[in-house]
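*Asks:* The following block contains the structure, expressed as structure tokens.
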């Protein structure tokens with residue numbers, strides 16, 4: 072279980088750096104009290120990752136582990152390639168997100184959860200839960216997503232003055248490729 076926690080934490084935390092939900096938390100930090108926003112980030116993380124882990128765990132019970140691991144490896148490699156390639160259209164959409172569309176705690180939780188739905192983080196968590204401990208994956212993924220969101224809240228806009236989006240994209244993409252290659256090697260060893 073501890074392996075699942077560590078892998079899920081690292082994967083989700085790195086995937087969330089510079090992602091929509093972190094940028095949304097960053098922008099909301101200018102408008103809402105930090106305590107409310109941090110609680111909303113944690114709640115949205117727990118709910119979103121619970122949905123993903125539950126779905127992944129169900130699939131994990133239906134398919135052989137080797138097939139799941141190979142599928143997860145291919146997903147991670149694809150995420151790595153997509154992340155390294157970059158997507159200017161998505162960057163423009165993320166920069167245009169506004170805090171004015173949500174009011175109060177429930178609105179923040181809903182906005183953060185919707186920002187994650189169908190995102191690479193949710194798909195990665197789904198794949199991890201299908202191949203390993205569901206509880207460990209949920210704990211690690213929730214902690215990774217919450218920490219990335221908390222960093223967005225705490226630092227605000229300052230992080231982007233020090234780290235270029237290109238640097239974040241290259242590091243994140245490279246790590247996705249690395250995880251994909253390691254998972255693929257495990258699947259092939261069977």
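In the working numbering, the protein residues as written are 72 to 261. Backbone N, C-alpha and C define an ideal beta-carbon position, used for all residues, glycine too. Bear in mind that the values here come from a model prediction, so they are computed numbers and not experimental data.
1) Which value, in whole angstroms, describes the spacing of the CA atoms of residue 151 and residue 238?
2) In whole angstroms, what separates the C-alpha of residue 205 from that of residue 183?
3) If you follow the alpha helix (DSSP H) that residue 113 is in, where does it begin and where does it stop?
4) Is the stretch 190-208 close to the stretch 135-148, with three or more CB pairs under 8 Å?
5) Is residue 196 close to chain B? Criterion is C-beta to C-beta, closer than 9 Å.
6) Looking only at its own chain, which residues have a Cβ that is under 6 Å from the Cβ of residue 127, when we skip the five neighbours before and after it?
7) Can you tell which of 212, 190, 107 and 221 has the C-alpha that lies nearest to the C-alpha of residue 177?
8) Whole-angstrom Cβ separation of residue 81 and residue 255, contact assumed at under 8 Å?
9) Going by beta carbon distance, what residues of the same chain come within less than 7 Å of residue 210, once the five residues before and after it are set aside?
10) With respect to the alpha helix (DSSP H) encompassing residue 74, which residues constitute its N-terminal and C-terminal limits?
11) Is residue 188 buried or exposed, if buried means 16 or more other CB atoms sit within 10 Å of its CB?
12) So, are the CB atoms of residue 221 and residue 83 less than 9 Å apart?
13) Going by DSSP, what residue range makes up the alpha helix (DSSP H) through residue 211?
14) Could you check whether residue 217 and residue 116 sit closer than 9 Å to each other, using their CB atoms as the reference points?
15) For the candidate residues 193, 213, 103 and 219, whose alpha-carbon lies nearest to that of residue 94?
*Replies:* In short:
1) 14 Å
2) 22 Å
3) 105-133
4) yes
5) Going by chain labels, chain B is absent from the structure shown, which holds only one protein chain.
6) 197, 200 and 201
7) 107
8) Actually they do not touch by this definition, with Cβ atoms about 17 Å apart.
9) 76
10) 73-87
11) exposed
12) no
13) 205-226
14) yes
15) 219
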